[in-house]
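Undergrad:
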Amino acid sequence: MPILIIRHLTSHHYKQPVAFGDHRMMLRPRDDDDQRVLESALEITPEPSQLSWTRDAFGNHVAIARFAGQASELRFQSTIRVDHAPVAFRAADIRDFASTYPFKYPEEERSSLARFLAPLFPHAELDRWAAMFLRADGSAETHDLLVGMTRTIKRDFKYVTRHEKGIQTPAQTLKLGSGSCRDLAVLMIAALRSLGIAARFVSGYLRIADDDGEAITGGNTHAWVQACIPGPGWIDFDPSSGMVGNENLVRVAVVHEPQEAIPLQGTWIGTASDHLAMKVAVKVTAGAGQ
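Following this line, the structure appears as structure tokens:
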């Protein structure tokens, strides 16, 4: 399995020393069948008075930092080594009863999938768009439906970097024909759920290779989709890049809705003009053992 090293630095700069409230972090990748954290280090400056770790209802790693003093800079640096195995999505892996859409999940799975089947931003325009991927009789090959939707979003929608907080509704994304990675992910999740396919929001890291496709020298935080397919289980779909499978993706959090997967959030105590800047840098490199 390839070894990846992920360095994620976030720093806040202030005009004068300010006090800090609790900060919640989702920076440590998940331990799943296809990825495993080998080493994890988190450096915080100033040093928190208390740092606690837990797992949320989805099994994501969550850290809470509490601070006692004041400072003019707050810095979080996460360094992770991950054993990461690319997994493809093949039609042959889908169970026979689900190879053609529509299909029903087994009764014993429906209760655990209920939250991922619940409608997300229901809208008539969304339903019409999702129906484009079906035949006239409402059927489709399940593999073709999922791959086709992923690649259609990549082809037909303009990817934009959007720094504003919040998520566009799928109706807004359809109207604008553009969106950030999280907006495009929400569009696909909402469309899949409207078709009765369980889907969830994923946040993590995207690894970026050089033009020769070999050395991995860059990366950034990213958002994409997982859909639950009988047989292979939860499969990654990245509508921003049109890629299917997890080859370039390292999962940090899987959640029902995007606001549950914010990488770093917290408060500070001071005047609005005290905050000067926030800087974020992410780098993904190939580690020893690749």
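For the sequence shown, position 259 matches number 259 in this note's numbering, and the numbering has no gaps at all. Backbone N, C-alpha and C define an ideal beta-carbon position, used for all residues, glycine too.
1) At what residues does the alpha helix (DSSP H) containing residue 198 begin and finish?
2) Take residue 205 as the anchor and find which of 2, 11, 22, 27 has the nearest alpha-carbon.
3) Can you tell me where the alpha helix (DSSP H) with residue 35 in it begins and where it stops?
4) Do residue 244 and residue 8 have their C-beta atoms within less than 9 Å of each other?
5) Check for me: the beta strand (DSSP E) holding residue 10 runs from which residue to which?
6) Have a look at residue 197 and residue 251 and give me their C-alpha separation to the nearest angstrom.
7) Note down the Cα distance separating residue 270 from residue 257, rounded to an integer number of angstroms.
8) I need the DSSP call for residue 271, collapsed to helix, strand or coil.
9) Beta-carbon within less than 6 Å of residue 30's beta-carbon, same chain only, minus the 5 sequence neighbours each way: which residues are those?
10) Is residue 73 helix, strand or coil by DSSP?
11) Just checking residue 55 against the ligand MN - is the residue's beta carbon closer than 8 Å to any of the ligand's heavy atoms?
12) Give me, in chain order, the residues of the same chain whose beta-carbon lies closer than 6 Å to that of residue 124; leave out the 5 immediate sequence neighbours on both sides.
13) Spatial neighbours of residue 264 within its chain, please: C-beta separation below 8 Å, excluding the five flanking residues on both sides.
14) Whole alpha helix (DSSP H) runs in the stretch 123-191 with 4 or more residues, listed along the chain?
15) Taking all protein chains shown into account, do 16 or more other C-beta atoms lie within 10 angstroms of the C-beta of residue 187, making it buried, or fewer, making it exposed?
16) Could you tell me the distance, in whole angstroms, from the CA atom of residue 111 to the CA atom of residue 118?
17) Just the C-alpha distance for residue 276 and residue 150, rounded to the nearest angstrom, thanks.
TA: Looking at the coordinates:
1) Neither: residue 198 is in no alpha helix (DSSP H) and is coded neither H nor E.
2) 27
3) Run containing residue 35: none in the alpha helix (DSSP H); it sits in the beta strand (DSSP E), 35-45.
4) no
5) 3-25
6) 21 Å
7) 31 Å
8) coil
9) 251
10) strand
11) For the structure depicted, the ligand MN is absent and the ligand set is empty, with no information on it obtainable.
12) none
13) 10, 23, 24, 25, 26, 27, 76
14) 124-131, 142-156, 170-176
15) buried
16) 11 Å
17) 39 Å
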